[in-house]
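Please read the structure below before turning to the comments.
Here it is in structure tokens:
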């Protein structure tokens, strides 16, 4: 796939724009769907997988979605390019692996809409937007879903709703997840409070790369765990009017409190991080994320000026291993990556 | 409390119930007396054999489609599901409803019925259409595997009349060709509209 823009970044969701973007990095909605009349992928033979791929490609690339979509056959894409897609949150790690017939369709150039074909379900639609935009993301995915459904029958039952390979996704098949930058709460030691509040509402709190990942760089994802019995609208309301505004407020209070009571500590942390990023000759991936998180906090609280927050957001992506190699057009081992990562960061923040 | 044999003082291990003249008659005998009475006794089966028989009666065995308790569409058993965590096909939800319903309710924290978006086609016989499509596609797949091309062509026509034409091999080639290159492929050629009929060449 082609990458565009400065340092090859086209991810709209990383721009750091939109509502409440001082705390909310991005909002994501995904839908799990399966075509009627085919087995789920665990029981599908290779020729059936191929057939599903053909049906999906026709529905996506010959229907009204076609003008904005780019079709990528993952078996024809080099491993590095697949890793780039994983880092951009456009496909899952699981989807990047394997040799079975599978694909992804991505809206171009904004990369807001992506549709994984033959992952765990026949279709996994996803819309990802900058800032708090859960309803907007849902409106877009709902429309894409309607367009596919106007051409093909989905597996659906009145009792269980949209039928999915794993019964934990059955019903609406929806997963809403909001990525939050919570350094204030991390410093004040109140992250557990958020976790508890979220769990009480059947929501999960996870790290940057979702299930099982650590919260590197103070980035947390809050997402729903249940999909049956609650409508899409009810779930969106929980996110938009309940949990997320509450967490945003917690984080802002924590940041204000740091500014008022521990300003020097905050300033030291942010400027020390900026100094390191501008001087380091070797940088590990997680270290870069942690430092960038501190700088971002400094920018958002006003203790760091004259650094473009968009550049910091962009570095969160471009310092990842696959993006770094893609940018330099060559394979890099771990030691080389540390050198090149430090160089990229120095040049970007100079 | 252990029951004594009706004929001697040994412990009764054979229990027979018969209906005679609309009356229920019970007999409790030890193995020796039972044999003398002409009752055919099967020797005690080892416990593991009993368990195997029990498990087979619950989860099935033999060929996938014939296994007892297997999904009639895809042949998956509930034991397979427990192992993999993924169901085999949409019909599995019906086939295993008794076992699945409590699991689903627990996973969804009390949610047991769908609430929310419904496909526009649902309620217009879509359920039956889904079943029929599934069944026809399965038959088609089997026919192709068995190289019964005439039957396959016939099934394909039936599929086309229900929904849309099944993709032909030719169509598959065209599509995979169009998605070539390094992933920068765009919409494949072809003039098909959103849902217009397409040429069918078996």
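Residue numbers (this note's numbering), protein chains in the order written: chain A, 1065 to 1414; chain B, 637 to 838.
Note that beta-carbon positions come from the ideal geometry of N, C-alpha and C, so glycine has one too.
Please read these numbers as outputs of a predicted model, since none were measured by experiment.
How big is the Cα-Cα spacing for residue 641/B and residue 705/B?
The count along the second chain starts at 1 and reaches residue 641/B at position 5. The count along the second chain starts at 1 and reaches residue 705/B at position 69. One C-alpha to the other measures close to 39 Å.
Could you compute how far the alpha carbon of residue 1405/A sits from the alpha carbon of residue 1414/A?
Walking along the first chain from the start, residue 1405/A turns up at place 341. Walking along the first chain from the start, residue 1414/A turns up at place 350. Pairing residue 1405/A with residue 1414/A, the inter-Cα distance amounts to about 14 Å.
Residue 1374/A beta carbon less than 8 Å from that of residue 1355/A:
Translated into positions along the first chain, residue 1355/A becomes position 291. Translated into positions along the first chain, residue 1374/A becomes position 310. Not closer than 8 Å, so no.
Simplified DSSP assignment, three categories, for residue 1368/A
Mapped onto the first chain, residue 1368/A falls at position 304. DSSP places residue 1368/A in the coil class of the three-state scheme, outside both helix and strand.
Touching by the beta-carbon criterion (3+ pairs, under 8 Å), the stretch 1394-1409 of chain A and the stretch 1322-1338 of chain A:
Using a Cβ-Cβ distance cut-off of 8 Å, the stretch 1394-1409 of chain A and the stretch 1322-1338 of chain A are not in contact, since fewer than three pairs of beta carbons, one from each stretch, lie closer than that value.
Could you tell me which chain A residues have their CB closer than 8 Å to the CB of residue 769/B, listed as they occur along the chain?
By 1-based counting over the second chain, the position of residue 769/B is 133. For residue 769/B, the neighbours in chain A by C-beta distance under 8 Å run, in chain order, 1100, 1101, 1217.
Would you kindly work out how many angstroms separate the C-alpha atoms of residue 743/B and residue 1290/A, rounded to a whole number?
Position 107 of the second chain, counted from the first residue, corresponds to residue 743/B. Position 226 of the first chain, counted from the first residue, corresponds to residue 1290/A. The alpha-carbon atoms of residue 743/B and residue 1290/A are separated by roughly 7 Å.
Take the Cβ of residue 1097/A as the centre, count every other Cβ of all protein chains shown within 10 Å, and call the residue buried at 16 or more, exposed below.
One-based indexing of the first chain puts residue 1097/A at position 33. By the Cβ neighbour-count rule, residue 1097/A is buried, with 16 or more other Cβ atoms within 10 Å of its own.
Decide if residue 738/B is buried, meaning its Cβ has at least 16 other Cβ atoms within 10 Å, or exposed.
As a position in the second chain, residue 738/B is number 102, starting the count at 1. The residue in question, residue 738/B, is exposed, as its Cβ has fewer than 16 Cβ neighbours within 10 Å.
For residue 1293/A, return the contacting residues in chain B, with the cut-off set at a CB-CB distance below 7 Å.
As a first step, residue 1293/A is located in the first chain; it is residue number 229 there, counting from the start. Going along chain B in sequence order, the residues near residue 1293/A (Cβ under 7 Å) are 744, 746, 747, 748, 749, 751.
So the candidates are 1195/A, 1308/A, 1156/A; which of them puts its Cα closest to the Cα of residue 1180/A?
Within the first chain, the letter at position 116 stands for residue 1180/A. Nearest of 1195/A, 1308/A, 1156/A to residue 1180/A, Cα basis: 1156/A.
Which of the three DSSP states, helix, strand or coil, is assigned to residue 1301/A?
The sequence position of residue 1301/A within the first chain is 237, counting from 1. It is helical.
Return the first residue and the last residue of the alpha helix (DSSP H) that residue 1321/A is part of.
For this step, residue 1321/A is matched to residue 257 along the first chain. Segment 1308-1325, the alpha helix (DSSP H) holding residue 1321/A.
Just how far apart, CA to CA, sit residue 1112/A and residue 792/B?
As a first step, residue 1112/A must be located in the first chain, where it is residue number 48. As a first step, residue 792/B must be located in the second chain, where it is residue number 156. So the alpha carbons of these two residues sit roughly 14 Å apart.
Interface residues of chain A around residue 639/B at Cβ under 7 Å?
As a working mapping, residue 639/B is identified with position 3 in the second chain. Within chain A, no residue comes near residue 639/B; the closest Cβ sits about 47 Å away, beyond 7 Å.
Would the stretch 1085-1093 of chain A and the stretch 1193-1204 of chain A be scored as touching if the rule is three or more Cβ pairs under 8 Å?
A contact exists between the stretch 1085-1093 of chain A and the stretch 1193-1204 of chain A.
Range of the contiguous alpha helix (DSSP H) that encloses residue 1123/A:
Against the first chain, residue 1123/A aligns to sequence position 59. Boundaries of the alpha helix (DSSP H) around residue 1123/A: 1110-1125.
Under 7 Å, CB to CB, which of the residues in the stretch 726-745 of chain B have a partner in chain A?
For the stretch 726-745 of chain B, which is checked against every Cβ of chain A, the residues closer than 7 Å are 726, 729, 736, 739, 740, 743, 744, 745.
is_contact[residue 1230/A, chain B] using C-beta, thresh 8 Å:
Mapped onto the first chain, residue 1230/A falls at position 166. Using a Cβ-Cβ cut-off of 8 Å, residue 1230/A counts as an interface residue toward chain B, since at least one Cβ of chain B sits closer than that to its own.
Just mark residue 1158/A as buried or exposed, buried being the case when its beta carbon has 16 or more other beta carbons within 10 Å.
Your numbering for residue 1158/A matches position 94 in the first chain. The residue in question, residue 1158/A, is exposed, as its Cβ has fewer than 16 Cβ neighbours within 10 Å.
Which one of 1075/A, 1082/A, 1086/A has the shortest CA to CA distance from residue 1315/A?
Against the first chain, residue 1315/A aligns to sequence position 251. Residue 1315/A has its Cα closest to that of 1086/A, out of 1075/A, 1082/A, 1086/A.
Is it true that the CB of residue 1225/A sits closer than 8 Å to the CB of residue 1095/A?
Stepping through the first chain from its first residue, residue 1095/A is reached at position 31. Stepping through the first chain from its first residue, residue 1225/A is reached at position 161. No, the Cβ-Cβ distance between residue 1095/A and residue 1225/A is not below 8 Å.
Rounded to a whole number of angstroms, what is the C-alpha to C-alpha distance between residue 1151/A and residue 1350/A?
On the first chain, position 87 is the one that residue 1151/A refers to. On the first chain, position 286 is the one that residue 1350/A refers to. In this structure, the alpha-carbon of residue 1151/A lies about 14 Å from that of residue 1350/A.
With a threshold of 8 Å between beta carbons, is residue 755/B in contact with chain A?
Along the second chain, one-based indexing puts residue 755/B at 119. Chain A contact via Cβ: present.
Minimum Cβ-Cβ distance from residue 1234/A to chain B less than 8 Å:
Your numbering for residue 1234/A matches position 170 in the first chain. Closer than 8 Å: yes.
What number of angstroms, rounded off, separates the C-alpha of residue 1262/A from the C-alpha of residue 1298/A?
The sequence position of residue 1262/A within the first chain is 198, counting from 1. The sequence position of residue 1298/A within the first chain is 234, counting from 1. Each residue's Cα considered, the two are about 16 Å apart.
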